[in-house]
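Shown next, in structure tokens, is the structure this report addresses.
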Amino acid sequence: MAAGDVRMSFRGIATGIFSFLVLAVISSIISANIRTYASKRGHDTYLDRFADHPQVINWCRRMIAGWQPLQRRWWLWLALGLSGGLSAALWVMPSPEIIRALPPQVAPPLAAEPQPPRRYTAYEKEQRLRAIDEIYNVFATQISPAFAEGHTMLINLVSTIGDGTPQRLSDHAKNVETAFNNLSGLLKKWEYHPDIVQVLQQKPMFNGLNETNASKNMISTIELFKSAVQPSYFTQLLDRDMSMFELRSANQDFEIYLKKVMPALKQKRTEIESSQVLGDK
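Per the UniProt record's numbering, the very first residue in the sequence shown carries number 1; after that it's consecutive.
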């Protein structure tokens, strides 16, 4: 037997004895209180009948031989308390199989060393920077203005509902669709640089369709309300309509996407710009 197993055995025995003593004392106290309560209520006669049974008397005489000053009933309660304490101690004590099955404690992994900067040829570096610049330019000149246009229109949509809103929504949907189509074309053009393309594919994804579809659905809702709802209730119902909720949700997702992707593109450009060129020392 290994030294560790011996220590575990001694520790288990000591734990068992200590648990037994503690639980035995607690059980004896509980049993004494129950006995006192039963005596006050006159319910201990049931125990007297059991204790006066001839077989029980023979057992008790064998157990308390030489201990005549003690009454049989005390010994019976004490035996019950000790038995309960021993049973509880054995029940809560973990078995050696459970102890062995516990997974060993492993030290937390050390922090990974920073990766050295990537190295490209001069042509690869130039192409990657060009890809980043072209993609970012679409965001800065087309996609971001399309978001700002939709956000401003959404804020004033209810108050300016009768002032050419359907046409503005239609123009906005076309602008968003055109901007994301141009982006898709650039991603196909630079698809052999997957690390750059993956910058735009971080979750949550956004491809412009939600904004476009929500704008088109809002146009249909406005036209329906104009023909079926009294003007005095028009703005109130429109503000609570599901189409308005979808348009607001799409615009919020649009904003989250821009706040995530545009800084990531800048960071990627800085990373490529600081990379070494193969052949340079």
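Note that CB positions come from ideal geometry on N, CA and C, so glycine has one too.
Item	Value
Would you please state the rounded distance, in angstroms, between the beta carbons of residue 273 and residue 129? I believe it to be under 8 Å.	7 Å
Tell me, to the nearest whole angstrom, how far the beta carbon of residue 186 is from that of residue 134; I am working on the premise that it is less than 8 Å.	6 Å
Leaving out five residues before and five after residue 283 in sequence, what residues of the same chain have Cβ atoms less than 8 Å from its Cβ?	Outside the displayed span of the chain (1 to 281) sits residue 283, for which this structure offers no information.
What's the call for residue 29, buried or exposed, on a 16-neighbour Cβ count within 10 Å?	exposed
Pick helix, strand or coil for residue 261, following the three-state DSSP scheme.	helix
Determine, using beta-carbon pairs with one atom in the segment 260-269 and one in the segment 198-215, whether at least three such pairs fall under 8 Å.	yes
Check residue 22 in the structure and name its three-state DSSP category.	helix
Apply the 10 Å Cβ neighbour rule to residue 242 and answer buried if 16 or more other Cβ atoms are within range, or exposed otherwise.	exposed
Quick one: using the 10 Å Cβ neighbour count with 16 as the cut-off for buried, is residue 227 buried or exposed?	exposed
Report the CB separation of residue 225 from residue 208 in whole angstroms; it is logged as a contact under 8 Å.	With 8 Å as the limit, residue 225 and residue 208 do not qualify as a contact, their Cβ atoms being about 26 Å apart.
For the alpha helix (DSSP H) containing residue 180, name the first residue and the last one.	165-189
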